[in-house]
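Each number in the numbering used here comes from the position in the first sequence (counting from 1) with 1 added on. Worksheet: the structure to be examined is printed underneath.
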Amino acid sequence: MIGLADCNNFYVSCERVFKPHLKNKPVLVLSNNDGCVIARSNEAKLLGIKMGQPVFKIRHLINKENVKLFSTNFPLYGDFSSRVMDILKSEVQKVEVYSVDEAFLDFSDSASIDRAIFIKNKIEKWTGIPISIGLGRTKSLAKIANYIAKKYTRKGAFILEDHLIQRVLGNFPVEELWGIGRRYGNMLKYSGVHTALDFKNMSSSWVKKNLSINGLRIQKELKGEKCFDIELVNRPKKNICTSRSFSSDISDVILLREIISNFTNLAASKLRKQKSCCNRITVFLNTNRFKPNDRQHYPRITLNFPTATNDSIEMTSMAIKALNIVYRKGCMYKKAGVILQGIVSQTEIQASLFDNIDRPKRKKLMQSFDKVNMLIGPDSVRLASQGFQSRWRHKKENKSPCYTTRFSDVLQININ
DNA sequence: TCTGGGGTCCTAGGACCC
DNA sequence: TCTGGGGTCCTAGGACCC
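If you want it as structure tokens, here you go:
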């Protein structure tokens, strides 16, 4: 059996740990710039607030129902995530950390509802984060079991045993299946496939033709045939992207250079962290698509490095070169980003005959760069091109303290 | 006024090779 | 009548995930 542990309303739950009076109250966590809803408490879901909804469209509801808002606080969520994962790893031998709030667990040694409930309770007691655990023969079935555990059980745990599969699938909406998104969901319903059971009974060749190989795998998994294994090593990323929307529109090329320089440096440090180099860099800009009367421009350009690199200086000058090519004067840009591609391990680099950079020296420089920034804080050492302006940075008006990752934010308790 | 960020995989088609 | 066969690599676009 495979288990899926999934934290309930994860970001909201993290915020509630230090604000227990918000239990049973409607709470939202907002995206960067406090623009969209990215996490909702159950109470907020009941008010009809949707995932991804722009905040300004539900402002009246927020005021009327006294919904509590939080800006994102990723250091806090990241820290809680690793605490939860550590507990899971102490209870189960093989754990695949699937996302910030989800993990697949190998229950092949012993799968019982009591064991699942024990783990769930331990996590809640030790971290304050509520979690649900679902068990099934395959990852896809475990996902379904988790959905039921979360929605229909009190204990927060559920085992999808063989004799239940027929009935459960018959009542499970096809668009809720793992790997079936909105497009496929609509297409399936249009073809008369409404439940997971309908999907399971479709002809495999039709599924393969219309939903490609991955659709076929999902179908097999519903039949109990394992197609996705638990993966224990986290594979290095094949693409690394750093992008942001700005708090206001920007047309100033000098400022855009600073922004692109900052994005490139962030991406480069992610690249070095996983001990990789990249062969290509893409720079893109977007104007504000919600202002159709403004001049629209969505340029993107990819430049190749002569030799795969993870050197911030080399990468930044390439990125700025790219920006200078695509930038159009007079356009108001709302978002920009940098994507690194052609990622290879730093030990497998094809050297170039015409390379004129002193690689060993630069490597040492980057190592010191990273070390200082790790010890003193991000961007303590930076390239001059990164600048010091901050007017493009995010609006975060409701950010909670970093209770668990910053000494100055640690809670103080007065004992009388 | 105001609309997130970071990923993966698959497929088709074009350019190229012998 | 009749115009080969078998590959690789790369990229863009489209689907999906959290």
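C-beta atoms are modelled at their ideal positions from N, C-alpha and C, and glycine is treated no differently.
Distance between Ser313 and Phe389, taken at the CA atoms: about 17 Å. Taking a contact to require three or more Cβ pairs closer than 8 Å, the stretch 324 to 344 and the stretch 270 to 289 qualify as touching. Assignment of Cys332 by DSSP, reduced to helix, strand and coil, places it in the coil class. DSSP, reduced to helix, strand and coil, places Ala323 within a helical segment of the structure shown. Straight-line spacing of the CA atoms in Gly225 and Ile340 works out to 38 Å.
Taking a 10 Å sphere around the C-beta of Arg60, we find fewer than 16 other C-beta atoms and assign the residue as exposed. A direct Cα-Cα distance of roughly 24 Å separates Leu23 from Phe408.
Assignment of Ala112 by DSSP, reduced to helix, strand and coil, places it in the coil class. Note that the C-beta distance between Phe11 and Asp102 is below 7 Å. Distances from the alpha-carbon of Lys221 to those of His195, Val254, Leu178, Lys239 put Leu178 closest. Following the DSSP letters along the chain, one finds Pro307 in no alpha helix (DSSP H) but inside the beta strand (DSSP E) bounded by residues 301 to 310. By the CB criterion at 7 Å, Ile130 and Val85 fall inside the cutoff.
The secondary-structure analysis by DSSP pairs Asp7 across a beta bridge with Glu103, Ser133. In the three-state scheme derived from DSSP, where H, G and I count as helix and E and B as strand, Pro402 is classed as coil. When the five nearest sequence neighbours on each side are left out, the beta carbons in the same chain lying within less than 8 Å of the beta carbon of Gln167 are those of Leu198, in order along the chain. Scanning its chain for C-beta atoms nearer than 6 Å, with the 5 sequence neighbours on each side dropped, one finds around Phe229 the residues Lys140, in chain order.
Segment contact: the stretch 376 to 385 against the stretch 47 to 57, fewer than three CB-CB distances shorter than 8 Å; contact not assigned. Counting every other CB atom within 10 Å of its CB across the protein chains shown gives Asp163 a total below 16, marking it as exposed. Taking Ile282 as reference, the option from Phe105, Asp253, Leu412, Ile344 with the minimal CA-CA separation is Ile344. In this chain, Ile358 is not harboured by any alpha helix (DSSP H), its DSSP state being neither H nor E.
DSSP places Leu384 outside both helix and strand once states are collapsed to three, so it counts as coil. Of Phe355, Asn357, His298, the smallest CA-CA separation from Gly331 is found for His298. Between Ala323 and Val284, the C-beta spacing is below 7 Å. Ser401 is positioned such that its CB atom lies closer than 7 Å to that of Glu16.
Beyond the five residues adjoining it in sequence on each side, Asp7 comes within less than 6 Å, by CB distance, of Glu103, Ser133, Asn147 in the same chain, given in chain order. Between the stretch 151 to 160 and the stretch 172 to 192, the count of C-beta pairs closer than 8 Å stays below three; the two stretches do not touch.
With distances taken between CA atoms, Thr317 lies nearest to Leu257 out of Leu257, Ile350, Gln94.
Spanning the alpha carbons of Met2 and Met203 requires a straight line of approximately 25 Å. Under the DSSP assignment, Ala158 falls in the beta strand (DSSP E) whose first and last residues are 158 to 160. The C-alpha of Ser109 is placed about 27 Å away from the C-alpha of Phe200. With contacts defined as CB atoms closer than 7 Å, Leu233 and Lys144 fail to qualify as a contacting pair. The beta carbons of Ser248 and Asn34 sit about 5 Å from each other, so the pair counts as a contact at 8 Å. By the beta-carbon neighbour count (other beta carbons within 10 angstroms, threshold 16), Ser14 is buried. For the pair Pro21 and Ser42, the CB atoms are not nearer than the 7 Å cut-off. Between Leu31 and Leu70 a beta carbon distance of about 6 Å is seen, short of the 8 Å cut, so the two are scored as contacting. Here Val38 is buried, its C-beta having at least 16 other C-beta atoms within 10 Å.
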